[in-house]
Amino acid sequence: DLTSAIVTVNPVNTDVPGTYTVTYNVSSSSGTAAEEVTRTVIVEDTTAPNIALVGANPQVIEVGAAYEELGAIASDPVFGDVSGSIIIDASNVDTSNVGSYTVTYNVTDSTGNAAAEVIRSVNVVDTTAPVINLVGQPTVTVEVGDPYTDAGATASDIGDGDLTLSIATVNPVDTGKVDSYTVTYNVTDSQGNAATQLTRTVNVVDTTPPVITLLGSTPVTVEVGGTYSDAGATASDIGDGDLTLSIVTVNPVDAGKVGSYTVTYNVSDSQGNAAAEVTRTVDVVDTTAPVITLLGNSPVTVEVGGTYSDAGATADDIGDGDLSDAIVTVSSVDTGKVGSYTVTYNVSDLQGN
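Each residue of the sequence shown is one higher than the one before, counting from 397 in the working numbering.
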C-alpha cells in the first residue's frame, strides 16, 4: 500500500472560477513511477450580483430642472464591488414635461450572471407658479372722456411655456368717470399653480376745464329806463356734462343809468377746473329826448300896459329825470306894445338829446 506516498498537486482556488486539474503520482521503492492519475475540478459562479439604489426612490424633479443621476452600487459574491459595470438607462426621462419616468440599472458579472434589474421612478413635477410681467407702466393716467387701451401683460411658466393667451384680465376702467381703477391680471398653469396676481393702476383724471357758450349776442344795447333781460349762457364739461345750472353770473347792469356794463359768466367743474370766463357787454344808452310840459295856458292874453308873468314849464327825461331847472326860456313879450309874442322853452339831456 503506497497510498500514503502519493504526491498530490491540488491548485484548486475556490475563490476564482475556472477549471483546475488535481494530479496524483507515486513511485515504488525501486523507482518505478505509477501512471499519473488526474481529477478535474470546475469552480463555477452561478450567483448574480446585487444592485442597491443610492438616493430616493421615487426621485422627484421640478420640471425644467436638469436630471441628476443618484447612482447605485452593485456587489458580487465573487468579484466584489462591480458598481463600475452598472449600465444605467435614463434615456426616457424628460424633465421638460411633467410625468412619471423610469431609470433602469443592470449589471452582469464576469461570468455572465446578470443581476435582477432595478428600477427607479423619476417623477417630474410642476410646483412652480407662472410669472406675469406687465407690458407698459404700472400706473397710467387717462383724461376723462378719452379712450383707454390696456397694454396687457405676458405670462410664462417653466412647465407650460408661454401662457399669455391664458391670462384672465379684469379691466373695470370707465373713462367717462373720474376715479382710480385697478386692472388685475391672473393666470394658472396646467398643474393648478396660480401666479402672483399683478395689477395696474389707471387714474382717470379731469384736467380739462368746462366750456361756456353765450346765448344771444354781445354787445347788447338797452335804452335807458328800459328792461334788460340777460340771455344767459350754457356750460358743458367732458367729465361732468351739463354745468349750465352751475354757472355763476355777475350782472351789474343798471338799465336806469347810462353806461357800459360787463356781465360775466364763470363755472368750475367738480375737479376744480375753471372755465375761461365769458363776458357780455351791455350798453345802456339814452337816445330819447326829454319832454317839456307847459305850465299854464297857451295862448295867454295880457292887457297892454299890464304885467306878464310867465307860468314856465317843466322838463322830464328818462335818463336824467327832472330837467326843469335846465330849461332855457326865451321870451320876447313886450306888454307895452300890442302884439302876438312867442315864448320858447328848450332843454337837452346829458346825452345831448
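Every residue, glycine too, gets a C-beta built ideally from N, C-alpha and C.
- Residue pairing by DSSP places Ala709 opposite Leu690 in a beta bridge.
- Val540 sits close to Ile634, with the two beta carbons spaced by under 7 Å.
- For Thr436, the closest alpha carbon among the candidates Val456, Asn453, Thr415 and Tyr497 is that of Thr415.
- Beta-bridge pairing by DSSP links Ile714 to no other residue.
- For Asn742, DSSP records a beta bridge to Val724.
- Approximately 5 Å separates the beta-carbon atoms of Thr740 and Val726; this is inside 8 Å, confirming the contact.
- Taking the Cα positions, Gly668 is about 27 Å away from Val579.
- When the five nearest sequence neighbours on each side are left out, the beta carbons in the same chain lying within less than 7 Å of the beta carbon of Gly655 are those of Val680, in order along the chain.
- Between Val459 and Val520, the gap from beta carbon to beta carbon is short of 7 Å.
- Annotation for Tyr497: the continuous beta strand (DSSP E) segment containing it runs Gly495 to Asn502.
- Note on Val659: 16 or more other CB atoms within 10 angstroms of its CB, so buried under the neighbour-count rule.
- For Thr578, the enclosing beta strand (DSSP E) has its first and last residue at Asp575 to Asn582.
- If you keep only unbroken beta strand (DSSP E) runs of at least 3 residues inside the stretch 463-525, you get 468-472, 483-485, 495-502 and 514-521.
- Counting other Cβ atoms within 10 Å of its Cβ, Ala629 reaches 16 or more and is therefore classed as buried.
- CA-CA distance, Ala448 to Ala468, rounds to 6 Å.
- Counting only runs of 3+ residues, the beta strand (DSSP E) found wholly inside the stretch 630-708 occupies 644-646, 655-662, 674-681 and 687-690, in chain order.
- Rounded to whole angstroms, the Cβ separation of Val700 and Val734 is 5 Å, and the two are in contact under 8 Å.
- Contact annotation, Pro686 with Asp745: C-beta distance approximately 5 Å; criterion of less than 8 Å satisfied.
- Boundaries for Gln593: no beta strand (DSSP E) harbours it, and the DSSP string shows neither H nor E there.
- Of all alpha-carbon atoms in Ile483, Val527 and Ala512, the one lying nearest the alpha-carbon of Asn589 is that of Val527.
- Where Gly414 is concerned, the enclosing beta strand (DSSP E) starts and stops at Gly414 to Asn421.
- Under the DSSP assignment, Ile438 falls in the beta strand (DSSP E) whose first and last residues are Val433 to Val439.
- Closest in C-alpha terms to Val538, from the list Val518, Pro407 and Thr604, comes Thr604.
- Per DSSP, the continuous beta strand (DSSP E) segment holding Asp553 begins and ends at Ala549 to Asp553.
- DSSP places Val403 in the uninterrupted beta strand (DSSP E) bounded by Val403 to Val405.
- Sequence-distant partners of Ala707 (beyond 5 residues in either direction) whose C-beta falls short of 6 Å from its own C-beta, in its chain, are Leu691 and Gly692.
- Note on geometry: alpha-carbon atoms of Ile482 and Thr523 lie some 33 Å from one another.
- Contact between Ala547 and Val531 holds: their C-beta atoms lie close to 4 Å from each other, under 8 Å.
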